[in-house]
Each structure stands twice: as structure tokens, then as C-alpha cells.
Amino acid sequence: MIAKLRGLVIPAILIALWEIGARAGVLPPDTMSQPSVIVVAGWHALLDGSLLLATLQTFQSALLGLALGAAVGIAIGTIIGLSPALEAVIGPTLDTIRPVPAVAIIPLALLIYGFGVRMEVMVVSFAAVWPILIVTVTAVRAIEPRLIEVARMLEMKPLKRMAEIVLPAALARIAIGIRVSASVALVVAVTVEIVLNPQGLGYGMIIAAQSLRPDLMWAELLWIAFAGWAFNTLLLTIDRRWLGRFQVGGVR
Amino acid sequence: MKRAIGLKLLAVIFAATLIYLWQMAADARLISPVFFPSPTRTFAALVAMEERGDLWRPMAATALRMFYGWVLASLAGVLLGAAIARSGPARAYLEPLLEYLRPLPASAIIPPAILFLGLTSKMAVAVIAFGALWPVLLGAYHGFRSVDPQLGEMASAMRMGNIAFLWKVALPSALPDIFAGVRVSLAIALILAIVTEMQSAQSGLGFNILMAQRSFRSPELYAGIIVLGVLGLCTNQVLVAAERHLLRWRTLTR
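Residue numbers (my numbering), protein chains in the order written: chain H, 59 to 310; chain U, 3 to 256.
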């Protein structure tokens, strides 16, 4: 408990210095508004619903992009993981596309879809697909070969074999990839909004900064940090609590 | 062996077929030339960019900003990571704050950075350095934490000073973890270099592709995306080579 409190010492000192400095007029008021004013601005934004709406928009794009990226990543990853020959053929093409930074896709997504949710989802899914794809390949490859043999003996159709044998056995590892992709998705969504998409938390910050409301801008920054932290903590908890049990019989 | 060569050939054929199909579909007007320009037009745009001098100079601007930010982040990350890992008090006081800051999207500090530093290269480098800091910091922290305790005992038995121990024993032992972090940082640095260009209208490849989109010059847009991909690929390859060179003792001792 005391150890946890020690973590609060430095932030508390920094905030106190900030408040005193701003009140004494040492810090420029047009960039560093006082912490007390920032809290008030954040509280107002929370009460009038604008902050919650922006949060909803950002998470909507991030989660849709994640879902799309996961679907594509798991599909391609399973196929490649099951067949080393196919991996040798398709892999180099994928390896060439992968280093393209997701943000370089932003102008292309804007060209195709214009402003809005769809362009953001496209950029997010491009970023989210890679961790899931890579993890899926290794997960599928690590499945006990006897499981696949059993499926063959039972003369399961390929699709049924995938749904009933391959994916459940690989799920625990794929979940790790999904967790990595989920935090990437949130970061990319905020980034797209800061660069140009007029919606969500990132856009709110840009607007606050441009309309000379540093207090609101800092409040939004703190809120984004909190949302990111809460989202990551939630994902970790889900992983620990529910995905542990899949590990018993499936992957070793 | 023969099979491996055959598969490599197939891989090339696969990629070539995709590009060829794209070309056919574009020529037959099956796909919109505005959204999906044909590969030949994209290549022509790339050549035209080079002839106009619109390729190397923006590329250098982007790469330079990315490099400065990345170097700053790597130095600060290794120092901070080592300090936090080797000192108990630093860990107790700083770790929770860092844990809270880590998931913060680096691009979210662009608005305050603009307020402080304006639309300048300095702002871009500061944002890149902040974003690229975390993977190195985590890697260095992990690396310095997991230095074999026996090495520490040996060093104190030989009366090695603290700094000599950090430099001669702990750092080499942490190097693989640091390299893992540094590589992730490099990718993040490129992303943030592009983002800050787009946000603050600084010359560079990222800004150029945004301009290409604004005026619907889609072949140029695709050409720019390809160049950015190549930049990402090449810088990563350089690091992989450096890693192999610096860590060659590992394969020798094991």
C-alpha cells in the first residue's frame, strides 16, 4: 500500500509546482493553464456529453477496425499456418506490404471514403491486421498434429475442420495477438482524428488547441491517457480471467 | 533444395500475377482510375517525381527528422530504463507514472507540442522522441532487470565500480532486449514523422502524399506510399544488420 502511494509522490509534486507556477504567472497561461482550471474544463466537457460522445466515436472506429483486421488476419493466418508451401508463396508479398506505415494509408483512405467512420476503420484495420496475422500463423502451426490427423480420419470438411478443431486449439495464442492489435487500434484511431478526420477524441483536442482553450486541451489529453490506460487494463483482465481455461487442453 | 527454389519462383510469380491483374483491371476500366491507378501510371509518377526532384529531398527531410527523434528517444530510453531497473527508489517513485503514460497515443501530444513549439521541425522531433521513447525504455528496463545476479556478484568480487559494471557487464547483457525495443521505436518514429508532417505542413514525403490526395493525383499518392514502405523496410534492415554485428558474440558463446 505504501509502495503504491510512493508512485503518487512525483505526480503530486509536479502538479503542485504547475499550479503554483501558473498562479504566480511564471508559466505562460496560453499554453499551461492551471491544473485546477483544467479539472473544471474537463468536468464541464464530461457533463455536457461532448467528451463521452467523442470517446464513443473513437472507440467505435477502433473496435470496428479491430474486428475487420482480426477477421482478415485470422483468415489469412489460418490458411498460411496450415500450409507451409502457401506461406512460401504468399509470405514474401505480405512481407513487402507490412513495412508500409499505417498512417501513410490515411490519404488513400480519405481519397476512397472521404471523411468519416469508414476511412478511419480502413486505416485502423490496416494497422491491426499484422499482429493478429503473425500470431495466428504461429498458433496454427503449433497445434498438436494428432488433432489434425483425427479431423482427417473423421473426414471432416475443411471448413468444419477449421471451425471445430483448428481455431479453438489456436484461440489462446490468437487472443494475445488481438490484445496487441487492440491497443494499436486505439492509438491509430486517435492519430487519424488528430491528423484530419473530424470526429472523436483526437479531433476534440485539435479543436480545443486551435480555439485557444489550453485548459480543455489538457483535460482531453488526460482523458485520452485515462481511456488508453483503462482499455489496456480491461484487455489484460479479460485475457487473464477468461482465456486461461482454453490453454488447458489445446496449445501447450 | 530444388523445392525451395521452386517455391521462391512461385512467390515471385504470385506477386507478379497480382500486379498484372491490377494492370489488366485498370486498363479494362474495371476499377476506378481515380482510386486505383494502374501500376504503370504509378511507376511513371514515381519516375516523374524523381526527375522533378520531388523524391530525394522530401525523403531526406522525413528520414532526418525521424532519425533525430529516434536517436534522442534511444539515448533517453536506455538511460532511464537502466536507472529505473538498477535503483529501487527510482522504481518505486517513477514506475506507476510511466505505466500510466505508456498507453497514451504519442500523437495525442501533438496539440500541446504545437502550442509550445509552433509548427516547427523542433516540434516534430519532440513528438517523435516522446513516442519512440517507450519501447526502448521498456526494453532497456527489462534487459537491465534480468542481468544474471551471479554476474553482479562476480563484478563486486573483482571490485568493479558501479559505472564500470553498468558499462562492461550490464549493458552488453541487456543489449538484445534494448535492440528489440529500438526496432519497434524506429517503426514508431517513421509513423510519427509522417503524422507530424501532415499535421504541421512540413516538407516531407508524408506531407507530399497528403497534397497528392488533395489534388486527386492518385498515381503520385500510390508512389509516395510505396516509397514510405521502402523507407520503413530499409531502415529496419539496417538495424537488423547492426544487431547481428553487435550481438555476434552471442552466437559464439552459445
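Just so it is clear, CB atoms sit at the ideal spot from N, CA and C, and this is done for glycine as well.
From the beta carbon of residue i, is the nearest beta carbon of chain U less than 8 Å away?
{"i": "Trp76(H)", "result": "no"}
{"i": "Val253(H)", "result": "yes"}
{"i": "Val309(H)", "result": "Low local confidence applies: a pLDDT of 41 at Val309(H) is under 50, so the model's placement there is unreliable, with the coordinate-based value given in what follows. False, the Cβ-Cβ gap to chain U never drops below 8 Å."}
{"i": "Asp221(H)", "result": "Rather than Asp, the amino acid found at residue 221(H) in this sequence is Ala. It does not; no Cβ of chain U falls within 8 Å."}
{"i": "Val306(H)", "result": "The pLDDT assigned to Val306(H) is 42, lower than 50, so where the model puts this residue is not dependable, and the model offers no usable value."}
{"i": "Met263(H)", "result": "yes"}
Using CA atoms only, rank isn't needed, just tell me which of the options is closest to residue i.
{"i": "Ala63(U)", "options": "Pro41(U), Gly208(U), Phe146(U), Ala115(U)", "result": "Gly208(U)"}
{"i": "Ile132(H)", "options": "Ala230(H), Asp273(H), Ile68(H)", "result": "Ala230(H)"}
{"i": "Gly226(U)", "options": "Leu139(U), Glu199(U), Thr44(U), Ile190(U)", "result": "Thr44(U)"}
{"i": "Leu140(U)", "options": "Leu194(U), Ser175(U), Gly183(U)", "result": "Gly183(U)"}
{"i": "Ala277(H)", "options": "Val67(H), Thr194(H), Ile78(H), Ser94(H)", "result": "Ser94(H)"}
{"i": "Thr237(U)", "options": "Lys215(H), Ala285(H), Glu178(H), Pro157(H)", "result": "Pro157(H)"}
{"i": "Thr116(H)", "options": "Leu270(H), Pro272(H), Ile252(H)", "result": "Ile252(H)"}
{"i": "Trp281(H)", "options": "Leu66(U), Pro41(U), Pro107(U), Leu153(U)", "result": "Pro107(U)"}
{"i": "Ile234(H)", "options": "Ala162(H), Trp101(H), Ala128(H)", "result": "Ala128(H)"}
{"i": "Glu145(H)", "options": "Ile165(U), Val242(U), Val14(U)", "result": "Val14(U)"}
{"i": "Met213(U)", "options": "Pro60(U), Ala94(U), Arg67(U)", "result": "Pro60(U)"}
{"i": "Leu150(U)", "options": "Glu222(U), Val138(U), Leu168(U), Arg161(U)", "result": "Residue 150(U) is actually Asp in this sequence, not Leu. Out of Glu222(U), Val138(U), Leu168(U), Arg161(U), Leu168(U) has the C-alpha closest to the C-alpha of Asp150(U)."}
{"i": "Gly260(H)", "options": "Ile68(H), Leu114(H), Gly65(H), Pro86(H)", "result": "Leu114(H)"}
{"i": "Ile190(U)", "options": "Pro39(U), Asp29(U), Ile7(U), Ala75(U)", "result": "Ala75(U)"}
{"i": "Glu178(H)", "options": "Leu104(H), Leu191(H), Val246(H)", "result": "Val246(H)"}
{"i": "Ala110(U)", "options": "Ile211(U), Ala126(U), Leu66(U)", "result": "Ala126(U)"}
{"i": "Thr136(H)", "options": "Gly174(H), Leu122(H), Thr194(H), Ala70(H)", "result": "Thr194(H)"}
{"i": "Ile192(H)", "options": "Gly149(H), Leu63(H), Arg176(H)", "result": "Gly149(H)"}
So residue i packs on residue j, CB below 8 Å; how close in whole Å?
{"i": "Leu192(U)", "j": "Gly234(U)", "result": "5 Å"}
{"i": "Val205(H)", "j": "Ala227(H)", "result": "In the sequence on display, residue 205(H) carries Leu and not Val. Contact holds; Cβ gap of about 6 Å."}
{"i": "Ala167(H)", "j": "Met180(H)", "result": "4 Å"}
{"i": "Leu254(H)", "j": "Ile164(H)", "result": "7 Å"}
{"i": "Ile165(U)", "j": "Ala162(H)", "result": "About 43 Å separates the two Cβ atoms, so there is no contact after all."}
{"i": "Ala160(H)", "j": "Ala185(H)", "result": "4 Å"}
{"i": "Val176(U)", "j": "Gly154(U)", "result": "Correcting the residue identity first, residue 176(U) is Ala in this sequence and not Val. Rounded, the Cβ-Cβ distance is 13 Å, inconsistent with contact."}
{"i": "Phe2(U)", "j": "Leu279(H)", "result": "Absent from the model: residue 2(U). The displayed extent of chain U is 3 to 256, so no value can be given."}
Hey, is residue i's beta-carbon within less than 8 Å of any beta-carbon in chain H?
{"i": "Pro95(U)", "result": "The identity of residue 95(U) in the sequence shown is Tyr, whereas the question assumes Pro. Yes, contact with chain H."}
{"i": "Gln25(U)", "result": "no"}
{"i": "Leu106(U)", "result": "yes"}
{"i": "Gly141(U)", "result": "no"}
{"i": "Tyr22(U)", "result": "no"}
{"i": "Ser158(U)", "result": "no"}
{"i": "Pro114(U)", "result": "yes"}
{"i": "Ala110(U)", "result": "yes"}
{"i": "Phe181(U)", "result": "no"}
{"i": "Tyr102(U)", "result": "yes"}
{"i": "Arg256(U)", "result": "With a pLDDT of only 47 at Arg256(U), under the threshold of 50, the placement of this residue in the model should not be trusted, and no figure is reported."}
{"i": "Ser220(U)", "result": "yes"}
{"i": "Phe317(U)", "result": "With chain U running from 3 to 256 in the structure shown, residue 317(U) is simply not present."}
{"i": "Gln204(U)", "result": "no"}
{"i": "Gly234(U)", "result": "yes"}
If you drop the 5 nearest sequence neighbours on each side, which residues of the same chain put their C-beta closer than 6 Å to that of residue i?
{"i": "Ser202(U)", "result": "Leu121"}
{"i": "Trp136(U)", "result": "Arg104"}
{"i": "Ile112(U)", "result": "Val129, Gln201"}
{"i": "Ala240(H)", "result": "Leu124, Leu293"}
{"i": "Ile26(H)", "result": "Outside the displayed span of chain H (59 to 310) sits residue 26(H), for which this structure offers no information."}
{"i": "Arg199(H)", "result": "Gly139"}
{"i": "Ala99(H)", "result": "Asp273, Leu274, Ala277"}
{"i": "Glu199(U)", "result": "Gly206, Gly208, Phe209"}
{"i": "Val306(H)", "result": "Confidence in Val306(H) is poor, its pLDDT being 42 and thus under 50, which makes the residue's placement unreliable; the coordinate value appears in the next sentence. Correct list: empty, nothing qualifies."}
What span of residues does the alpha helix (DSSP H) with residue i cover, start to end?
{"i": "Glu222(H)", "result": "Looking at the DSSP string, Glu222(H) is not in any alpha helix (DSSP H), and its letter there is neither H nor E."}
{"i": "Ala108(U)", "result": "No alpha helix (DSSP H) contains Ala108(U), which DSSP labels as neither H nor E."}
{"i": "Ser119(H)", "result": "108-140"}
{"i": "Ile201(H)", "result": "Segment: none, Ile201(H) is in no alpha helix (DSSP H) and carries neither H nor E."}
{"i": "Pro41(U)", "result": "41-54"}
{"i": "Ile33(U)", "result": "Element bounds for Ile33(U): n/a, residue is neither H nor E."}
{"i": "Ser187(U)", "result": "173-202"}
{"i": "Phe284(H)", "result": "272-300"}
{"i": "Met263(H)", "result": "258-268"}
{"i": "Arg67(U)", "result": "58-88"}
{"i": "Glu155(U)", "result": "151-159"}
{"i": "Ile130(U)", "result": "123-147"}
{"i": "Pro165(H)", "result": "164-171"}
{"i": "Leu249(U)", "result": "No alpha helix (DSSP H) holds Leu249(U); DSSP gives it neither H nor E."}
{"i": "Pro219(U)", "result": "According to the sequence displayed, residue 219(U) carries Arg and not Pro. Note, Arg219(U): premise wrong, no alpha helix (DSSP H); not H, not E."}
{"i": "Asn164(U)", "result": "164-167"}
Give every residue of the same chain whose Cβ lies closer than 8 Å to the Cβ of residue i, excluding the five residues on either side of it in the sequence, and list them in chain order.
{"i": "Leu294(H)", "result": "Arg237"}
{"i": "Leu57(U)", "result": "Leu48, Met51, Val229"}
{"i": "Thr89(H)", "result": "Pro272"}
{"i": "Ile21(U)", "result": "Pro41"}
Tell me which same chain residues have a C-beta within less than 7 Å of the C-beta of residue i, skipping the five on either side of it?
{"i": "Gln92(H)", "result": "Glu77, Ala80, Arg81"}
{"i": "Arg147(U)", "result": "Ala87"}
{"i": "Ala244(U)", "result": "none"}
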